[in-house]
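A quick write-up on the structure given underneath.
Encoded structure:
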């Protein structure tokens, strides 16, 4: 499940508003919660009171508890996040998770299913005459509250826990020498105004020239620079904006990956059908793009496993737009 959907999981935020609200926050919430679960289980066991479930049970339930989020959270152009229409109620969340488990052939025990059902509490199922949540559900509920309401801003980029960090955290120095971003991340990124550039640089962002820009030379939309935030955020910056901002440009060149895998003999109808099979709304949600120059659909090289049914075993990445000048370093 993780290998099939890793790219989607690593770009989904943790919630629409309340916790881990950044790119990759979904994976960060799950990872942080799994770490909390391990420590909480060890502490409880050390107190001498046995738990009627294994650590493995707790890790499994917590791993699955927000499974619908990568398919349900939509981030709008203004940066706000909403739930996808049709996947916007607790009942719909539950049904989606059950369908996804069935798709992967996963069958939970009754105790595990209770845990998954009530991770977020008993809510409307509360009763004063019978116990609804089992112990596993109560434990995972504690872990979820810990991560989502106490540690909602964790993990940090420079986290206090040794080895902890955000899945999309990047090193400025590393990005100056390796392709941390794809070219179409740069195309899709919001553009920064001069005041934004100045403010971001004051707050630790760095301004780089990119190895592959776009736009007419001398034009107002001639984008040859990028702002990179300490948490892996990316904004594109025009030449005119750089001049107006008056801030220092880093000496290193930010490397953008311009390589893609091309899907031969694949039509939009094929991608739409695959998107629906995965619980998505349209082909666009698969993060495949139409390459107008090569007249084929293209995907990022790291998404090979997600599109394996349309790729030969020896398929090699190619420059996404052959007519573009090849960067000095890719």
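In my numbering, the protein residues as written are 7 to 336.
By construction, the Cβ of each residue, glycine as well, lies at the ideal position given by its N, Cα and C atoms.
In the DSSP secondary-structure assignment, residue 212 is bridged to 234. Under DSSP, residue 240 forms a beta bridge with 234. Residue range 189 to 194 is occupied by the alpha helix (DSSP H) that includes residue 190.
Out of 64, 80, 108, 81, the CA that lies nearest to the CA of residue 7 is found in 108.
For the set 258, 294, 261, the Cα lying nearest the Cα of residue 273 is the one of 294. Residue 14 sits close to residue 76, with the two beta carbons spaced by under 7 Å. In this structure, residue 198 lies near residue 241, with their beta-carbon atoms less than 7 Å apart. Here residue 38 has 153, 157, 160, 161 as same chain residues with Cβ atoms under 7 Å from its own Cβ, once five neighbours each way along the sequence are excluded.
Note that the stretch 9 to 29 does not touch the stretch 203 to 222; fewer than 3 beta-carbon pairs, one per stretch, sit closer than 8 Å.
In the three-state reduction of the DSSP assignment, residue 159 falls in the coil class, being assigned neither a helical nor a strand state. Around the CB of residue 168, fewer than 16 other CB atoms lie within 10 Å, so the residue is classed as exposed. Residue 269 is a Cβ neighbour of residue 316, given a cutoff of 7 Å.
For residue 23, the CB contacts under 8 Å within the same chain, skipping 5 residues up- and downstream, are 87 in chain order. In the structure shown, residue 197 adopts extended strand secondary structure according to DSSP, grouped into three states. A distance below 7 Å between beta-carbons, with the five flanking residues on each side excluded, links residue 296 to the following residues of its chain, in chain order: 303. Separation of the CB atoms of residue 122 and residue 67 is rounded to 5 Å, and the pair is thereby assigned contact status at 8 Å. Distance from the Cα of residue 194 is smallest, within the candidate group 135, 82, 26, for 82.
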